[in-house]
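With my numbering, you'll find the sequence shown wraps up at 1047, consecutive numbering, no jumps.
A virtual CB, placed ideally from N, CA and C, is assigned to each residue, including glycine.
First the structure, in the form of structure tokens, and then the observations on it.
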Amino acid sequence: MTNDRTIDSRWARAASCGNVPPNETPGMLDAISPVVLRAWGGPSPFGSNVSNCDGPPCMKRKMTERSRRNGGRAPPCGAAVARPPSRSASPATAPPNPAAPIRRNGLRAMRPPTRTWSPIVSMTVPLPRQPSRGQPSPEAACIENRAALDEPRVYPDWHVLHACMGPLSSADPDPDATCSRSDPMRAILMMGVVCIVACASHTLDAAGLAAGVDSAAWKAGVARACITPSDGMWMSGYAGRDRPADGKLTDLWAKALAFEDEAGARHVLVVLDLVGIDRATARAIAGGVTATHGLPRESLALATTHTHSGPIVGDNLRAMYAIDDAAWALVRRDTERLVATVVRVVGEALDDLRPAKVAWTVGRAHVAVNRRANVEKDVPDLRAADRLAGPVDHDVPVLVVREPGVDGDPGVRAVVAGYACHATVLSGYQWSGDWPGYAQIELEKRYPGATALVWIGCGADQNPLPRRTVELAERYGADCAAAVVQAIERRTVPVAGRLAAAFSEIPLEFAALPTRAELEQAATSADRFQAARARLLLETLRRDGSLAATYPYPVQTWRLGDGPHWVFLGGEVVVDFAVRLKSELGPGRTWVAGYCNDVMAYIASRRVLAEGGYEGAGAMVYYGLPSPWAPSSEDAIVAAVRGQVDATGGPPATEARSIAPRPYPDHADLTTVRDAAEPRPIDTAADWQVRRRDVLDGMQMVMGRLPRDEELGPLDVVERGREPLDGCVRLLVTYGAGPGQRVTAHLYLPDAGTGRGVVDAAGRRPAVLALHPTSPLGKLVVAGDGPRANRAYAIELARRGYVVLAPDYPSFGELADYDFHVDSHASGTMAAIVNHRRGVDLLVARPEVDAARIGAIGHSLGGHNAIFVAVFDPRIRAVVSSCGWDPFHAYKGGRLAGWAQDRYMQRVRELYGLDPDAMPFDFPEAVAALAPRGCFSSSPLRDDNFSAAAVAAAEPGIRRIYRLLGADDRLVVRQPDCDHDFPPEVREEAYAFLDRVLSERDPGTDR
């Protein structure tokens, strides 16, 4: 079905729920049905029960007055979602003539052009220097026909249907997102809509955005060889095995993927189904590749899947195995064969180079469990209760290689994916690739003829739990493969430009070296592993005369053109390194692989070293190394990575990006500060400023790093249309929020005679950000266009004389298809903060706005986002938050799953295990961080989402800070007798609060 009719902007609906759990479909057709009926041009079969499509909540409402005035038909619903099509429209679904005029409600306008996406061409970066900073991003610079991105779009109505499908998660922290009503016609309409959407989605999304890219300048080649041992080899990974392998579950492989950019630079990735390789083996492979194929060391990456069901290779884990000389001879023989095989496979991949389209994306899997923080036998119950603890990294970076001109699955030649999880499901005596092997098998079934390569991220402290059955290994592999397929089908980002690479071995310090006497004593230990390590180290002492105080640790970085920076680290790396590097360099485009180039030991972070345990100390015995690493090792590795990223075109290594907030045992206690070893009282404004800096650092630990202004590029405001309303005019605008990111918003400009009381002598007006609650309609809700009353604060403030900007939150309104996995932010919350701060940039740049009188207002989702953006933007002098917060311990009894969705702060789960005690910030701190600026907080007594009692309990501590800063009257807390609502009398008081505070100077400042 196609329908190219446009919709009057007055009734436009950006109808997408975004991030919909696949099993949560109640109420879907109630939100879709008005759009379906409108597209079909028929009357509503639901009579007066049809909702006004304010997303799933609308199912609780009856037809609005506007619908009744429309003759009983559903009002127009479902404006074109600003969703970039994955490819050009087919002739059957081609958009209408862009020059043809259109009429809606008696208004004539020219039909706007359909949104088009031009290929990203090359990014020419003279290496090793990086591009000049503060310039437009390569993505923005290389997109042709930029203006076309910002014109109003026309889409077939199935775009709207696709966007409308599905309610929000029931765990959403915004009750405006809830839905409950069912409808007897749902099943009938569901079948038709699902068919329409499925066909349309397949047509557009199967090939992703890469389908539109002419990347013939890039080439790719693939090759593989089976490396399953054919005789009685001993297996690697477990110390308890007492005999060689006796069978096979799956084959083991050496796979290579080669790239060549338009300048002829070549990179080759090799993935081996092995527990790891030692330095000598890696050097032999690299030397052979350079000698035979001319590939420099930095352009060859050797990754392993860390399967514990593969053979021993080289001297890897030598102190673990109690095998005889004959068995070691077999190991040496097979290692030599492996080296020759890999060198040959690299050559075959280079010989296979031919034009290719390369694209990237990021998916999500949920297999790994932090094994340091969870007892294995308790994991099923903890998972069921959503109580798994400890940091994890559930990102699944994906690289897909396609044949040019062949769209969809048949064109896929190679799929590369990574996930941070040990390959330790199996522990028997049969060769197997474990879950990574089964993931590769599943991907190669899904994409016949393609080669799948799976590498392991920073998974040293991550286990697949529960485990120990083949069925579980197959299931985890299938789960990870499904995450890859879903990511590819959702969206892929084309790669073009120049390849760049860096490789170095850095001296990584040991914490201490044993003496000869200590080693001689250990060599007689009853612990065979301690004794084996001592004998290896004594042999080194005899040969070299001393033990080395450092280890030559390999660090490698690739830049894939204008795509991701790919970091390859040696050893078994704990998840903290991925968390830190993504925080400092930006998630999405930062990929961190472990088990690469040399697996010599566990690589523990400073935190894990301090805690000790297997990863922090004990495992060094099995690797035959003299001691744990020095506490300086984490910073040394990160500094090396930062230097390589700088050299290959990323952020400068000298730019401080590390975030390390001081810990506070109770973040709701605002009476102390920890700027020394011990906490001390907050007695002065200067004391509070120290604590406030810790609050902002803590928020960034959860939300991700706040980017600097120079990282965001030009604001580039584009007006896409305007509409006169009663007392104001509404402009539809877009503006830049960072590389490749644009925000859609409504800008309300009061009529000249409106709100004279707020206009200053220079004719300037105050301005506010009006942030919407959770709704598929996004910015339209705050204009009163949804069925829920008491949400029209944007248009009410405009009629009061305020300039108002109402942006869409990522995943709502025209940002319905926002992809949180491939953006540059660690959370949806930080993406929104950046978008909203850019909105302030837009407001203060307008001549009719008084830049000293900026506020923010929001309800529910908008309520806490008004707080968040104001904490990070001092230009916002007053905040109104309705139903926006309570302390984390009070939220749903301390159950924080609602906060851990992709659109909010997934680190709440992945780093802090949904534990309010572990969170590095809390809402009372964030509200206090607004002082001495104004804060009006409304917490209804019958709000079943945010606890009014908990807000009341937190108020005295917050007020103490306001009083300390001389701004006691700038904090107003109200508790109306209602449910999750923003009633008229509270709104009127809030508007008067904005009038007052924005007309005053802040205490102790000249503002």
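Asked, Found
"State the beta-bridge partners of Gln596 as determined by DSSP.", "Phe543, Phe608"
"Going by the beta-carbon positions, is the gap between Gly477 and Gly517 smaller than 8 Å?", "yes"
"Alpha carbon to alpha carbon, how far is His434 from Thr330?", "35 Å"
"Taking the continuous beta strand (DSSP E) assigned at Trp293, which residues delimit it?", "293-300"
"Using a Cβ-Cβ cutoff of less than 7 Å, which residues in the same chain neighbour Arg947 once the five nearest sequence positions on both sides are dropped?", "Val742, Ala866, Ser867"
"Do you know offhand how far His199's Cα is from Thr630's?", "Caution applies to His199, whose pLDDT of 30 falls short of 50 and renders its modelled position unreliable; the model cannot decide the point."
"In whole angstroms, what is the alpha-carbon distance linking Pro850 and Trp939?", "15 Å"
"Note down, in chain order, each residue of its chain lying with its Cβ closer than 8 Å to the Cβ of Gln570, except the 5 sequence neighbours on either side.", "Ala562, Val661"
"Where does Pro671 sit, in a helix, a strand or coil, going by DSSP?", "coil"
"Examine the Cβ distances between the segment 305-312 and the segment 385-405 and report whether three or more of them are shorter than 8 Å.", "yes"
"Specify the secondary structure class of Glu1028 as computed by DSSP and reduced to three states.", "helix"
"Relative to the alpha-carbon of Val415, which residue among Leu548, Leu312, Pro506 has its alpha-carbon at the smallest distance?", "Pro506"
"How many Å lie between Gly997 and Ala298 at the Cα?", "60 Å"
"Between the beta-carbon of Leu483 and the beta-carbon of Val441, is there less than 8 Å?", "no"
"Can you give the Cα-Cα distance for Gly689 and Ala618, rounded to whole angstroms?", "20 Å"
"Quick check: what's the CA-CA separation for Ile352 versus Ile496?", "18 Å"
"Is the CB-CB distance between Tyr858 and Gly795 below 8 Å?", "no"
"Could you compute how far the alpha carbon of Arg568 sits from the alpha carbon of Leu357?", "14 Å"
"Could you give the uninterrupted runs of the beta strand (DSSP E) lying entirely in the segment 801-887, keeping only those of 3 residues or more?", "805-811, 843-847"
"Within the continuous beta strand (DSSP E) that includes Asp890, where are the two ends?", "889-899"
"Please list, in chain order, all residues of the same chain as Asp890 whose beta carbon is under 7 Å from its beta carbon, the five residues on each side excluded.", "Asp800, Arg804, Arg805, Pro806"
"Return the bridge partner residues of Met275 from the DSSP annotation.", "Pro351"
"Does the distance from the CB of Met739 to the CB of Val911 come in under 8 Å?", "yes"
"In whole angstroms, what separates the C-alpha of Tyr459 from that of Leu820?", "39 Å"
"Between Pro115 and Gly744, what straight-line distance do the alpha-carbon atoms span, to the nearest angstrom?", "Annotation note: pLDDT 36 at Pro115 (below 50); position unreliable, coordinate value reported separately. If I take the Cα positions, the gap works out to 41 Å."
"Just how far apart, CA to CA, sit Asn503 and Arg530?", "27 Å"
"Let's test the definition: count the other Cβ atoms within 10 Å of the Cβ of Gln781 and tell me whether it reaches 16, buried, or not, exposed.", "buried"
"Is the separation between the beta-carbon of Tyr654 and that of Thr344 shorter than 8 Å?", "no"
"Which ranges would you report for the alpha helix (DSSP H) in the segment 337-401 if only whole runs of at least 4 residues count?", "365-391"
"Starting from Arg442 and walking both ways along the beta strand (DSSP E), at which residues does that stretch end?", "435-442"
"Are there 16 or more other CB atoms within 10 angstroms of the CB of Asp94, so buried, or fewer, so exposed?", "In this prediction, Asp94 has a pLDDT of 35, which is less than 50 and means its spatial position is unreliable; what the coordinates show is noted afterwards. Classification for Asp94: buried."
"Compute the Euclidean distance between the alpha carbons of Gly146 and Ala429, then round it to the nearest angstrom.", "A caution first: Gly146 carries a pLDDT of 32, below 50, which makes its placement in the model unreliable, though a value can still be read off. For Gly146 and Ala429, the distance between alpha carbons rounds to 59 Å."
"What residues in its chain sit with their C-beta under 6 Å from that of Leu1011, if we drop five residues either side in the sequence?", "Cys975, Arg999, Tyr1002"
"From what residue to what residue does the beta strand (DSSP E) around Thr630 run?", "630-633"
"Just to confirm my understanding: we take Ser667, look at its own chain, exclude 5 residues before and 5 after, and list those with CB closer than 6 Å. What are they?", "Phe550, Ala551, Ala552"
"Does the Cβ-Cβ distance between Val465 and Val436 come in under 8 Å?", "no"
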